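The working numbering runs 5 ahead of the 1-based position in the sequence shown.
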Amino acid sequence: NFKVCVCGGAGGIGQPLSLLMGMDPNVKELCIFDLNVAMVAPQGVATDLSHLERKCEVKGYSMEVGKNPIDHLEECLTGCHL
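And the structure:
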């Protein structure tokens, strides 16, 4: 089972990709990351996908524009396979 992070997961392409990843039986944990300027908050996308009838744990992460990703994405990216 894999941990997957979709960077840009709250955007127009990232949301359907996140849905596909959430439906994959090989994905155990799905992290959805996007910047705080995204039209939809990644936490909202994660909440929507958490209702899928799969055993996939879904979490949303956002970061302010201009911040250093290495300081804010450790939990999101640690252990990711894809």
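For every residue, glycine included, the Cβ atom is placed at its ideal position computed from N, Cα and C. Source: prediction; values computed, not measured.
Between E34 and the rest of its own chain, which residues show a CB-CB distance below 6 Å, the 5 nearest in sequence each way excluded? K8 and E62
Which residues bound the beta strand (DSSP E) around M68? E62 to M68
What are the uninterrupted segments assigned as alpha helix (DSSP H) that are 4 or more residues long and contained completely in the segment 26-51, given in chain order? none
For H86 and M26, I'd like the C-alpha separation in whole angstroms. 12 Å
Per-residue burial, I37 [other beta carbons within 10 Å of its own, 16 or more giving buried]: buried
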